[in-house]
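Student: Can you keep this structure in mind? I'll have questions shortly.
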Amino acid sequence: MDRKEDRGLLFDEKTISAIRDKFCRIDVDADGSERLFFENAGGSLRLKSVVEISDELNRYPDCYARNHKSSLMLHEYEERGREDLRLLLNAQDGAIVTDLTASSLMFKIVKPIVQYGKGKNIVTSVLEHPSAFDACRYFGEKYGKEVRVAPSDKKTGGVLAEDVIELVDKDTVLLNVIAASNMTGVITDLKTIVSEARKINPDIYVVTDAVQHAPHAAIDVKALQLDGINIAPYKFFGNRGISFGYVSDRVKSLPHCRILDDEKDIWELGSIAPAHYAVISEIVNYIAWIGKLYIDSKDKRTLLEEGMRRIHLQEQALLARMLYGDKGKTGLLNLDGVDCFFDYTNLAGRDLILAMKLSGFGYAEAVREYEKRGIIVYERVAESSYSKRMVESFGLDGIIRVSPLHCNTAEEIDRFLNITNEILDSKRS
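Below, the structure is given as structure tokens:
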């Protein structure tokens with residue numbers, strides 16, 4: 005498919021075949037049944053190499069912090085994983101931070117900033133994940149900071165830069181805004197927001213939740229001048245059980261929980277699992293491999309950027325096909341009985357997430373109908389504490405969230421469209 009304006013570019017047949025071969029259970033469930041997994045926003049398909057290296061390294065009883073052969077080998081995996089994480093984030097300074105979940109990691113990053121940073125208010129948005137939103141609320145109340153909340157944009161499903169910036173003043177200690185909505189996929193204009201915020205208050209701390217966005221586009225903490233970020237391997241072709249993050253030099257020096265005899269800027273506590281760091285290396289190597297298919301470079305960060313650019317183009321093309329159809333196939337925007345809620349004129353500004361509703365079906369009911377036909381999607385509804393604030397900000401009571409991945413094909417999108425039509429027909433008849 006030739007690239008059209010804002011319609012992305014699909015991988016060629018050879019490339020998509022090689023990509024799909026690297027993922028576990030890409031179109032077959034554990035019980036052997038065929039299925040399309042379009043719920044990657046809740047936890048992505050796993051790389052085979054991730055599962056293999058995790059299984060192998062978790063067999064070792066050895067502590068990585070010893071001097072015998074197996075321990076030294078495990079330590080090498082840890083060190084390489086740290087280096088690769090820094091490459092992935094373009095984080096050349098600061099400290100690496102970890103926790104069991106991305107939610108707990110966000111609380112860990114926010115606390116010392118609000119407690120020890122200078123300022124009287126915190127700025128965040130209504131579209132934040134509960135961990136970021138409630139970290140701001142909890143520590144704001146605890147340490148006497150006003151919390152200002154930017155509204156969502158009902159037209160696009162995102163947060164407008166100007167709505168965030170107008171809340172920032174010289175007394176804002178923390179700006180905490182999500183990198184992309186995990187409900188609608190709209191990418192936040194962090195570059196503009198951070199640049200303008202620092203003009204107002206050069207000392208402001210800026211943190212972003214990149215758990216949703218990181219698997220879909222390159223992250224650059226240096227270019228964005230970020231003070232904190234979190235990502236989650238389980239949404240990034242990896243495993244559950246750990247979250248990785250970064251804090252800038254000025255954040256890492258703030259008082260925080262640590263072993264008191266360690267260096268003051270160390271944020272990790274206790275023994276680490278080398279397998280988690282090896283997983284980061286596998287993710288990074290995979291993205292760089294995609295980049296290498298398109299450019300000749302020995303610089304790994306350059307390959308990562310190209311790999312993520314290609315992933316985004318593929319996902320943009322899949323989203324375009326889902327919305328607009330192709331080769332006589334009617335897309336969701338023109339399918340009678342489907343409401344896609346938002347304005348999709350800027351596909352380049354979105355991750356591969358679609359929010360929709362089927363006429364005549366409750367959200368959970370529609371999700372079950374998709375499952376009966378071999379497609380996994382998920383409902384985000386106002387009854388859930390993880391969804392209520394966000395969906396109600398759009399004036400909605402819920403959405404069906406559809407979130408494929410770059411390893412999906414145009415043919416699988418067509419199958420989704422066919423089944424959507426089939427579900428609607430079942431109600432019409």
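Residue numbers (this note's numbering): 5 to 433. Ideal placement from N, C-alpha and C gives every residue a C-beta, glycine not left out.
#1: Among residues of its own chain, excluding the 5 on either side of Ser407, which ones have a beta-carbon nearer than 7 Å to its beta-carbon?
#2: Does Lys149 pass the burial test, meaning 16 or more other C-beta atoms within 10 Å, or should it be called exposed?
#3: When DSSP labels each residue in this structure, what does Asn338 get in the three-state scheme?
#4: I need the straight-line Cα distance from Asp418 to Leu339, nearest angstrom please.
#5: Helix, strand or coil: how does DSSP classify Asp429 here?
#6: Are the stretch 410–429 and the stretch 387–401 touching by the rule of at least three beta carbon pairs closer than 8 Å?
#7: Do Met110 and Ala69 count as a contact pair if the criterion is CB distance below 7 Å?
#8: How big is the Cα-Cα spacing for Glu56 and Gly12?
#9: Beta-carbon separation of Leu51 and Phe241 under 7 Å?
#10: For the 8 Å Cβ check, are there 3 or more pairs between the stretch 243–255 and the stretch 265–280?
#11: DSSP on Thr176, reduced to helix/strand/coil?
#12: Going along the chain, which unbroken runs of the alpha helix (DSSP H) with 4 or more residues stay wholly within the stretch 361–430?
#13: Would you decide whether Ala292 is buried or exposed? Buried here means 16 or more other CB atoms lie within 10 Å of its CB.
#14: Okay, do the stretch 151–167 and the stretch 176–196 touch, 3+ Cβ pairs below 8 Å being the bar?
#15: Alpha carbon to alpha carbon, how far is Glu309 from Asn425? Give it in angstroms, no decimals.
#16: Could you tell me whether the Cβ atoms of Ile294 and Arg325 are closer together than 7 Å?
#17: Work out the CA separation of Leu228 and Leu178 for me, nearest whole Å.
#18: Quick one: Cα of Ile263 to Cα of Arg141, how far?
#19: Going by beta carbon distance, what residues of the same chain come within less than 6 Å of Asn205, once the five residues before and after it are set aside?
#20: According to DSSP, simplified to helix, strand and coil, what is Glu200?
#21: Please report the residue range of the alpha helix (DSSP H) in which Ser247 lies.
#22: Taking the DSSP output, what are the residues bridged to Leu51?
Tutor: Walking through what the data contain:
#1: Phe42, Glu43, Asn44, Ala45, Leu356, Ile357
#2: buried
#3: helix
#4: 13 Å
#5: helix
#6: no
#7: no
#8: 32 Å
#9: yes
#10: yes
#11: strand
#12: 367–376, 392–397
#13: buried
#14: yes
#15: 37 Å
#16: no
#17: 15 Å
#18: 28 Å
#19: Lys174, Thr176
#20: helix
#21: No alpha helix (DSSP H) holds Ser247; the beta strand (DSSP E) holding it covers 247–251.
#22: Phe27
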